[in-house]
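Chains as they are written, first to last, in this note's numbering: chain A, 1206 to 1461; chain B, 1058 to 1385.
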Amino acid sequence: MTVIRFFTDILTITDFELRKIWHDSSQIFIRAVQPVLWLLVFGQVFSKLRVIPTGNYSYIQFLTPGVLAQSVIFVAIFYGFNLVMDRDMGLLHKLLSTPIPRYSIVLGKTLSAGVRSIFQALIVFILAVIIRVHLILTPLSIIGVLIIITLTGMCFSGLSIFLASFFKTRERMMGIGQAIIMPLFFASSAIYPIDIMPTWLKVIAHINPLSYIVEAMRSMLVTADYHRLWLDFGVTALATAVLVSLASTAFSRIIR
Amino acid sequence: MNMIEVDNLTKRFGQFTAVDDVTFQVEKGEIFGLLGPNGAGKTTTIRCLLTLIPVTSGGAKVAEIDVLKKPQQVREVSGYVPQDVSVDGDLTGYENLAFYARLFHVPASARKERIREVIRFMELADKANQLARTYSGGMMRRLEIGQVLINRPRVLFLDEPSIGLDPVAKRMVWDYVKQLRDEFDATILLTTHDMNEADHLCDRIAIMNGGKIAVIGPPAKLKTELGGDIITITSDNSSCRQVLEQLGYKLLPHSEDSACDLVVDDGERKIPEIIDKLKNQGVSTVSVSLKVGTLDDVFLKYAGQRIGEGDMNWATTRATRRTARRHG
């Protein structure tokens, strides 16, 4: 009974979060603008320049998994901001006055970020196919990528909710969102291989979960080199578990 | 039976004591008002009772459930309508209700019926399938109250239920609150800084100021304790004062022979009686005026300041925010 309730609570939150997107899907397209530009402009230009060594693959092949991850992070990192908005109205106080446990709220919100991320990534995915980026598209690779994308959405929305529990104002959360995205992106293997980085950046890239997320997608979509796939999946899942747990614990601080 | 029991409740934020050793009880079926200016500790008291924030010391029970020991159970029997907008503008009215039906674990078989019932009671049928952000202020407030009615709460906490509403919508909310008690058998704790609202709605009020309760009682009684209403009668007959004294009325010392100030309870009803009696004694009246004792006077007496002093900035800010939310 309690197990069933645990899942129905989470799904209730996720369900109604997703209905909001159903009512107004323009957000998905607005948030897709930046990743699309990365892929279309940056990707195509640098493919021609051949300044970044990407081995046997074209630069745009190399970049596509990175941009997929980026499109997800753009959405997920602002979940904390939305939560602060809810707090500034009475929405959050009312939600917390219902019997639903706090961790279910956090899990439901992060799960909805994960599901939403799939729609977000789909735009990039479709675009990549249209501009004829050569990707491995087997049922297994697609399922694998969808799992990674969902985990990524959960992971970074968890981080965002965790930060919101401490910073609590829209201005700070807006600033934090902006401040986190670019360093995360640049200090990872999303747009260039870790090998060409200076040592200090290599260290950061190795502890940046985004590197593992991108590598997982890259091995499934581009290289078909699966020798470290378990590591990539493992780190992604672990980072997600840690950040979502931290967010669940810290969450009730947000209204204090 | 007491549905709310607050015992020596104290809540501190760092050095600041928001709620200072507060004790009161609310009986089953009562509408109880916490009245006070902003920062008096009303909202903090409510949030402590709803287990939203931890208390510093003291304790409380809601529906005989200990707030400190069983927070989950307290939330199961309570309904909370915060003063700020608490419906999701990006969902329809119906979805907002369905969401809370599921959050409150209303059995699937009963959900539709409950939602229908609330839509009917709160008169939301017209716009139930439109996004809540298109609602007027009054309608939004009805939806906000409707959301927690889904749970059929035994204790309802309303934080400033009519704030920011126009006079018509305000009246409507007042009527709903009274019906809620009667039809849903709920006990209601509300906060307000509107004297009129407290007077109109509440069976009993507690005046709060600086985190403390200054006085508790029924509005009428608190007003009477002030000394009652004052009726000023002028007459062209110079024996007016003498006659009134003979009839046994209490006059203020500065009364003159033909212009008298009387202290009475329930002044409005006393006027015709006094005029009749004077007429029977052959004294005709030229003018009568009544100054009714108000809760504002009560507040002034106990809190040492008029309520709402220096509140304008806050009220304006809020109004702007609400508008921005609705149209933004």
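Glycine included, every Cβ here is placed at the ideal spot set by N, Cα and C.
The structure displayed is predicted, hence computed values, not measured ones.
Alpha carbon of lysine 1127/B to alpha carbon of asparagine 1208/B, nearest angstrom: Position 70 of the second sequence, counting from 1, holds the residue named residue 1127/B. Position 151 of the second sequence, counting from 1, holds the residue named residue 1208/B. Looking at the two C-alpha atoms, the distance is approximately 18 Å.
Min CB distance methionine 1359/A to chain B below 8 Å: For the purposes of this step, residue 1359/A is identified with residue 154 of the first sequence, where counting begins at 1. Contact with chain B is absent for methionine 1359/A, since none of that chain's Cβ atoms lies less than 8 Å from the residue's Cβ.
Beta bridge counterpart(s) of threonine 1074/B as assigned by DSSP: Mapped onto the second sequence, residue 1074/B falls at position 17. In the DSSP output, where bridge partners are listed per residue, threonine 1074/B has Arg1069/B.
The beta strand (DSSP E) enclosing serine 1344/B, as first and last residue numbers: Along the second sequence, read from residue 1 onward, the residue named residue 1344/B stands at position 287. For serine 1344/B, the uninterrupted beta strand (DSSP E) run begins and ends at 1342-1348, by DSSP.
Alpha-carbon to alpha-carbon, lysine 1334/B and threonine 1289/B: As a position in the second sequence, residue 1289/B is number 232, starting the count at 1. As a position in the second sequence, residue 1334/B is number 277, starting the count at 1. The C-alpha of threonine 1289/B lies about 15 Å from the C-alpha of lysine 1334/B.
At least three beta-carbon pairs within less than 8 Å, the region 1243-1257 of chain A to the region 1267-1282 of chain A: Yes, they touch.
Any C-beta of chain A under 8 Å from that of tyrosine 1137/B: The sequence position of residue 1137/B within the second sequence is 80, counting from 1. It does: the Cβ of tyrosine 1137/B has a partner Cβ on chain A nearer than 8 Å.
Aspartate 1318/B: first and last residue of the uninterrupted beta strand (DSSP E) it sits in: Taking the first residue of the second sequence as 1, we reach residue 1318/B at position 261. 1316-1321 is the span of the beta strand (DSSP E), which, as asked, contains aspartate 1318/B.
Cβ of histidine 1384/B within 8 Å of any chain A Cβ: Working through the second sequence from its first residue, we reach residue 1384/B at position 327. Its pLDDT being 39, under 50, histidine 1384/B is placed unreliably in this model, and the value from its coordinates should be taken loosely. Taking CB atoms only, histidine 1384/B has no neighbour in chain A less than 8 Å away.
Outcome for isoleucine 1335/A when other beta-carbon atoms lying within 10 angstroms are tallied against a minimum of 16: Here residue 1335/A corresponds to residue number 130 of the first sequence, with the count starting at 1. Sixteen is the threshold: since fewer than 16 other Cβ atoms of the shown chains lie within 10 Å of the Cβ of isoleucine 1335/A, the residue is exposed.
Burial state of alanine 1452/A (16 or more Cβ within 10 Å): If you number the first sequence from 1, residue 1452/A lands on position 247. Burial call: buried.
Top-ranked residue by Cα proximity to valine 1138/B, from Leu1181/B, Arg1159/B, Val1230/B: Working through the second sequence from its first residue, we reach residue 1138/B at position 81. Checking every option, the nearest Cα to that of valine 1138/B belongs to Val1230/B.
Pairwise C-alpha distance: serine 1296/B and serine 1341/B: Along the second sequence, one-based indexing puts residue 1341/B at 284. Along the second sequence, one-based indexing puts residue 1296/B at 239. Straight-line Cα distance between these residues: approximately 10 Å.
Test: serine 1193/B CB closer than 8 Å to a CB of chain A: Position 136 of the second sequence, counted from the start, is the residue given in the question as residue 1193/B. At a cut-off of 8 Å between beta-carbon atoms, serine 1193/B makes no contact with chain A.
Identity of the residues DSSP links to phenylalanine 1390/A by a beta bridge: On the first sequence, position 185 is the one that residue 1390/A refers to. BP columns for phenylalanine 1390/A are empty, so no partner.
Cut-off 6 Å between Cβ atoms - residues of its own chain near alanine 1444/A, not counting five sequence neighbours on either side: Residue mapping note: residue 1444/A aligns to position 239 of the first sequence, counting from 1. Closer than 6 Å at Cβ, skipping near neighbours: Cys1360, Pro1414.
Partners in chain A for aspartate 1147/B, counting only beta-carbon separations shorter than 7 Å: Residue mapping note: residue 1147/B aligns to position 90 of the second sequence, counting from 1. Close to aspartate 1147/B, with beta-carbon spacing below 7 Å, are these residues of chain A in chain order: Lys1225, His1228, Asp1229.
Cut-off 8 Å between Cβ atoms - residues of its own chain near alanine 1381/B, not counting five sequence neighbours on either side: In the second sequence, counting from the first residue as 1, residue 1381/B sits at position 324. Note that alanine 1381/B scores a pLDDT of 42, beneath 50, so its modelled location is shaky and nothing firm can be said.
8 Å Cβ cutoff, isoleucine 1305/A in contact with chain B: Residue 1305/A sits at position 100 when you count from the first residue of the first sequence. Closer than 8 Å: yes.
Close Cβ partners of valine 1440/A (< 7 Å) along its chain, the five nearest in sequence each way excluded: Looking up residue 1440/A in the first sequence gives position 235. Taken in chain order, the residues that qualify are Pro1414, Tyr1417.
Per-residue contacts from leucine 1312/A into chain B (C-beta, under 9 Å): As a working note, residue 1312/A is residue 107 in the first sequence. The premise fails here: leucine 1312/A is roughly 14 Å from chain B at the closest Cβ pair, so nothing lies under 9 Å.
Exposure label - phenylalanine 1212/A; buried when at least 16 CB within 10 Å: Your numbering for residue 1212/A matches position 7 in the first sequence. Per the 10 Å Cβ criterion, exposed.
Within chain B, partners of phenylalanine 1456/A - CB distance below 9 Å: Here residue 1456/A refers to the residue found at position 251 when the first sequence is read from its first residue. Per Cβ cutoff of 9 Å: no residues; phenylalanine 1456/A is ~12 Å from chain B at best.
Best match in His1250/B, Val1124/B, Glu1325/B for proximity to isoleucine 1287/B [C-alpha to C-alpha]: The count along the second sequence starts at 1 and reaches residue 1287/B at position 230. Taking only the C-alpha atoms, the option nearest isoleucine 1287/B is Glu1325/B.
Presumed contact (8 Å Cβ cut-off) between alanine 1455/A and serine 1370/A, rounded CB distance: As a working mapping, residue 1455/A is identified with position 250 in the first sequence. As a working mapping, residue 1370/A is identified with position 165 in the first sequence. Indeed, because the Cβ distance is near 4 Å, the residues count as touching under 8 Å.
Neighbour flag for methionine 1422/A against chain B, beta carbons, 8 Å: Against the first sequence, residue 1422/A aligns to sequence position 217. With respect to chain B, the C-beta atom of methionine 1422/A has no partner C-beta closer than 8 Å.
Outcome for arginine 1292/A when other beta-carbon atoms lying within 10 angstroms are tallied against a minimum of 16: By one-based count along the first sequence, residue 1292/A stands at place 87. Burial call: buried.
Interface residues of the region 1155-1171 of chain B facing chain A [CB-CB below 9 Å]: The residues in question are Ala1155, Phe1156, Tyr1157, Arg1159, Leu1160, Phe1161, His1162.
Segments of 3+ residues assigned as beta strand (DSSP E) that fall wholly inside the region 1259-1319 of chain A: Unbroken beta strand (DSSP E) runs of no fewer than 3 residues, entirely contained in the region 1259-1319 of chain A, are not found.
Endpoints, the beta strand (DSSP E) within which alanine 1429/A is located: One-based indexing of the first sequence puts residue 1429/A at position 224. Where alanine 1429/A is concerned, there is no enclosing beta strand (DSSP E), given that its DSSP letter is neither H nor E.
Residue-level contact to chain A via CB, glutamine 1072/B, 8 Å cutoff: For this step, residue 1072/B is matched to residue 15 along the second sequence. For glutamine 1072/B, the answer is no, since every Cβ of chain A falls outside 8 Å of its Cβ.
Listed by chain order, chain A residues near glutamine 1187/B by CB distance under 9 Å: Here residue 1187/B is taken as the residue at index 130 of the second sequence, counted from 1. Chain A residues near glutamine 1187/B: none, gap ~10 Å exceeds 9 Å.
Alanine 1444/A, DSSP secondary structure in three states: As a position in the first sequence, residue 1444/A is number 239, starting the count at 1. DSSP places alanine 1444/A within a helical segment (H, G or I) once states are collapsed to three.
Proximity test, Cβ basis, 8 Å: isoleucine 1287/B and chain A: The residue you call residue 1287/B lines up with position 230 of the second sequence. For isoleucine 1287/B, the answer is no, since every Cβ of chain A falls outside 8 Å of its Cβ.
Distance CB(isoleucine 1354/A)-CB(alanine 1395/A) smaller than 8 Å: Counting from one through the first sequence, the residue named residue 1354/A turns up at place 149. Counting from one through the first sequence, the residue named residue 1395/A turns up at place 190. For isoleucine 1354/A and alanine 1395/A, no; Cβs fall outside 8 Å.
Residue-chain proximity (lysine 1373/A, chain B), Cβ-Cβ < 8 Å: In the first sequence, counting from the first residue as 1, residue 1373/A sits at position 168. For lysine 1373/A, the answer is no, since every Cβ of chain B falls outside 8 Å of its Cβ.
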